[in-house]
Amino acid sequence: MTDEHHVDDEGNLDDVGPGFMEAADHSVGEGVQGYLMGLVLAALLTVASFYVLHTNLIWGPGIVVMLVVLAIAQIGVHLVFFLHLTTAPDNTNNIFALAFGILIVILIIGGSIWIMHHLNERMMPMSGMM
Amino acid sequence: MSATEVLRSAHPPDIDPYRVGHGGGHDYATGHGEGGPASKRVIVGYGFWLFLLSDIVLFSCLFAAHAVLQTATAGGPTGPQLFDPRSVALETACLLTSSFTCGLSAVAAGARNQLWTQVFLLVTGVLGLSFLLLEAHDFAAMMARGASPQVSAFWSSFFAVVGCHGSHVTVGLLWLGTMMAQVFFKGFRPSIMRRLVCFNLFWHMLDIIWVALFTIVYLIGEGR
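Protein sequence lines correspond, in order, to chains E and C. Per our numbering, residue 149 is the first one in the first sequence, and the count goes up by one each step. Per our numbering, residue 40 is the first one in the second sequence, and the count goes up by one each step.
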């Protein structure tokens, strides 16, 4: 991998997609460094999640919001450092697919919680039915 | 001589064929205009990425069901009564570290180093197996204290979502064993490298699901 373009075994000019470590012309040191950075960031966010649960630093009802924010941040770290999603033009298709996936996930989870919450609110209390 | 090669010889390669941030890009960049189709690895990675996203959508349905059924314990045991935070933390550590070693195996495979690829894949497998054993132990402990899937809607959804992740890890372990054997006997030929890429994506995706899982199921469930 000395010249600027790494041509792989099939004679294709290298391209970068999710998970293609050597394709980005990384040396072994750089590759390990990237994964190490991801590990440290993810570990910090995980520890923060477990810590936040039993802390008095944050207003009680805000803890759930904090947990969700920490989880989304950690998923972002995973996507960038482990799955190597970037904003490079050759990654556009992967990003579009991810954006569509996120849309569907938000619709399913958000929609279900929203609908069922309202349904529960409007239902007669169980004690009144018995 | 393929069209790509002609174009490549016509244009001296510069540092960045895609001209990131400058618009356009040279003709010989694959997957764009005259550069010809993208390499097989890119297409395989993209296809597998689409599969993983559909898998994430599947999990999101299970998460939605679990979130909706948070309080539907029907008089049976609730989650916080039976969850073991220490065990969950240990499982999280196992899976995160295994994701890291899986990445290191990709670096080693990129350098075509047989020994380190096998070592890191083995470490990944051992950590994945410890995760599964911890989870099985957790399940057994919960069931012993009266929380089987039949007890309430809450526990049905709990075992569905956590069990689905666990079965993904199990399948991942089988795949990992297969990949170790293939790398050992067939070496780093292009088809094997593509399979390694897909396996890496799959394993990292499992960790992403687990992040959502321990947050939604264990931490938020406990905070209620």
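All residues carry an ideal CB built from backbone N, CA and C; glycine is no exception.
Under 7 Å by beta carbon: chain E residues contacting HIS243(C): Contact note: HIS243(C) reaches chain E through HIS226, PHE230 and LEU231, using a C-beta cutoff of 7 Å and chain order.
Distance CB(LEU233(E))-CB(LEU246(E)) smaller than 8 Å: Yes.
Spatial neighbours of GLN189(C) in its chain, beta-carbon cut-off 8 Å, leaving aside the 5 residues before and after: Same-chain partners within the cutoff: SER195.
Contact set between MET264(E) and chain C, taken where Cβ atoms lie within less than 8 Å: Residues of chain C passing the Cβ test: VAL107.
Contact with chain C by ILE206(E), beta-carbon distance below 8 Å: Not one chain C Cβ lies under 8 Å of ILE206(E).
Element boundaries [alpha helix (DSSP H), containing ASP123(C)]: Neither: ASP123(C) is in no alpha helix (DSSP H) and is coded neither H nor E.
Contact between the stretch 81–101 of chain C and the stretch 138–153 of chain C (3+ Cβ pairs under 8 Å): The stretch 81–101 of chain C vs the stretch 138–153 of chain C: no contact.
Buried versus exposed, by CB contacts within 10 Å (16 or more), PHE90(C): Exposed, since its Cβ has fewer than 16 Cβ neighbours within 10 Å.
Distance CB(VAL96(C))-CB(GLY177(E)) smaller than 8 Å: No, the Cβ-Cβ distance between VAL96(C) and GLY177(E) is not below 8 Å.
Beta carbon proximity, ILE247(C) to chain E, threshold 8 Å: Interface with chain E (8 Å Cβ-Cβ cutoff): ILE247(C) is included.
For SER187(C), three-class secondary structure by DSSP: In this structure, SER187(C) counts as coil in the three-state DSSP scheme.
Cutoff 8 Å: LEU89(C) Cβ touching any chain E Cβ: Flagged as an interface residue toward chain E: LEU89(C), by a C-beta distance shorter than 8 Å.
Reference PHE198(C); option with closest CA among HIS105(C), SER78(C) and LEU92(C): Nearest neighbour of PHE198(C) by Cα position, chosen from HIS105(C), SER78(C) and LEU92(C), turns out to be HIS105(C).
C-beta neighbour in chain C for GLU170(E), strict 8 Å: A caution first: GLU170(E) carries a pLDDT of 44, below 50, which makes its placement in the model unreliable, though a value can still be read off. Judged by the 8 Å Cβ criterion, GLU170(E) is in contact with chain C.
Beta-carbon proximity list for GLU130(C), same chain, < 7 Å, skipping 5 on both sides: Same-chain partners within the cutoff: PHE170, LEU173 and GLU174.
Distance between GLY75(C) and THR254(C) (C-alpha atoms, nearest Å): Whole-angstrom Cα-Cα distance: 44 Å.
Cβ-Cβ distance between PHE98(C) and ILE248(C) below 8 Å: At a Cβ-Cβ threshold of 8 Å, PHE98(C) and ILE248(C) count as neighbours.
CB of VAL250(C) within 8 Å of CB of VAL201(C), strictly: In this structure, VAL201(C) does not lie closer than 8 Å to VAL250(C) by Cβ.
Closer than 8 Å to chain C by CB, GLY196(E): A small fix is needed here, since residue 196(E) is Ala in this sequence, not Gly. Look at ALA196(E): its C-beta is not under 8 Å from any C-beta on chain C.
Same chain only: Cβ atoms within 6 Å of MET169(E), ignoring 5 sequence neighbours per side: Interpretation of MET169(E) is limited by its pLDDT of 45, a score under 50 that renders its predicted location unreliable; the figure taken from the coordinates is listed afterwards. Cβ-Cβ distances below 6 Å link MET169(E) to GLY179 in the same chain, with the five nearest sequence neighbours on each side left out; the list follows chain order.
Where PHE248(E) falls: helix, strand or coil (DSSP): In the structure shown, PHE248(E) sits in a helix (DSSP, three-state: H, G or I).
Boundaries (first-last residue) of the alpha helix (DSSP H) holding ALA236(E): For ALA236(E), no alpha helix (DSSP H) encloses it, and the DSSP letter there is neither H nor E.
Top-ranked residue by Cα proximity to THR112(C), from GLY185(C), THR136(C) and LEU168(C): Nearest of GLY185(C), THR136(C) and LEU168(C) to THR112(C), Cα basis: GLY185(C).
Min CB distance LEU192(E) to chain C below 8 Å: For LEU192(E), the answer is no, since every Cβ of chain C falls outside 8 Å of its Cβ.
Any C-beta of chain C under 8 Å from that of TYR130(E): Outside the shown range of chain E, which is 149 to 278, sits residue 130(E), and nothing can be said about it.
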